[in-house]
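Here it is, written out as structure tokens:
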């Protein structure tokens, strides 16, 4: 089942409306599609999601900016690095 929600947003909204009115009015694949969204939204705790997003932002920033602090001279002794480890706050 190939479906592009960006270009077919109106169709997706129409199918969702039909599913909310009568789930059996849609094909079994579409029923499963919308049931999956309902299951995924139950009891959603945003604090964990925001913490995961924060960790991903940190990783991407390190990937993007890490080359600036990389030591690339293989013939010299590398400078000493003062690393202070900070615990990640729990959500």
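Numbering (my numbering), first residue to last: 181 to 271.
Heads up, the beta-carbon is just placed ideally off N, CA and C, and yes, glycines get one too.
Residue 191 beta carbon less than 8 Å from that of residue 199:
One-based indexing of the chain shown puts residue 199 at position 19. One-based indexing of the chain shown puts residue 191 at position 11. No; because the gap between Cβ atoms is not below 8 Å, this pair is not in contact.
If you draw a straight line from the C-alpha of residue 246 to the C-alpha of residue 195, how long is it?
Here residue 246 is taken as the residue at index 66 of the chain shown, counted from 1. Here residue 195 is taken as the residue at index 15 of the chain shown, counted from 1. Cα to Cα, the separation comes out at about 46 Å.
Any idea what DSSP makes of residue 186, helix, strand or coil?
Counted from its first residue, the chain shown places residue 186 at position 6. It is coil, neither helix nor strand.
7 Å Cβ shell around residue 214 - same chain, five flanking residues per side excluded:
Here the question's residue 214 lines up with position 34 in the chain shown. Correct list, in chain order: 196, 199.
Whole-angstrom distance between residue 187 and residue 229, CA atom to CA atom
For the purposes of this step, residue 229 is taken as the residue at position 49 of the chain shown. For the purposes of this step, residue 187 is taken as the residue at position 7 of the chain shown. Using only the alpha carbons, I get a separation of about 27 Å.
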